[in-house]
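So the structure is just underneath, and the comments pick up after that.
In the working numbering, the protein residues as written are 32 to 172.
Printed below as a string of structure tokens:
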């Protein structure tokens, strides 16, 4: 993976979900312009956000020992340009309101269709590209 190329990142502690989430995110962004990866822990997600540009974090709401919302709030400190979309098998109005109050753009009910994910991811990537382009230059390359 190119460390200067933006990364679409999925966070889910259920590693059996990783290949599906990577495939879905790969269908949302041009694989020639974006890398796609999945991680299992908030620590791994933070390491990615600190190391490279991450336009999008797709995080499961319910994680071992924490929530995707808590991770999203923490990530905003390290990468305010990262947009978070939460996914959950049990979306509630309270969860959605709390997420929106913390700058999470969408909360999607599992299972969701790829078209639904594409619909919410497309404007995120369009805004990213309009603001930052598809490569972040570091130093004097």
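Beta carbons: idealized from backbone N, C-alpha and C, even for Gly.
6 Å Cβ shell around residue 120 - same chain, five flanking residues per side excluded: Cβ contact annotation for residue 120 (same chain, cutoff 6 Å, sequence separation greater than five): 141, in chain order.
Whether residue 90 touches residue 113 by CB criterion (8 Å): no
Short Cβ contact (8 Å threshold) for residue 149 with residue 58: Taking 8 Å as the Cβ cut-off, residue 149 and residue 58 qualify as a contacting pair.
Per-residue burial, residue 83 [other beta carbons within 10 Å of its own, 16 or more giving buried]: buried
Segment limits, alpha helix (DSSP H) that includes residue 101: 99-109
Buried or exposed (CB count within 10 angstroms, at least 16 for buried), residue 81: exposed
Beta-carbon spacing of residue 94, residue 102 below 8 Å: yes
Continuous beta strand (DSSP E) stretch holding residue 49: start and end: In the DSSP annotation of this structure, residue 49 is not part of any beta strand (DSSP E); the continuous alpha helix (DSSP H) holding it starts and ends at 49-59.
Buried or exposed (CB count within 10 angstroms, at least 16 for buried), residue 157: exposed
Contacts around residue 134, its chain only, beta-carbon distance under 7 Å, and the 5 residues preceding and following it disregarded: 107
One or two residues paired with residue 41 in a DSSP bridge: Beta-bridge pairing links residue 41 to 69 and 89.
Three-state class that DSSP yields for residue 80 in the structure shown: Here residue 80 sits in helix by DSSP.
Bounding residues of the beta strand (DSSP E) (the contiguous stretch that carries residue 115): 114-119
Residue 48 versus residue 111 - alpha carbon distance: 26 Å
Helix, strand or coil at residue 162 according to DSSP, with G and I counted as helix: Secondary structure at residue 162: helix, using DSSP grouped into helix, strand and coil.
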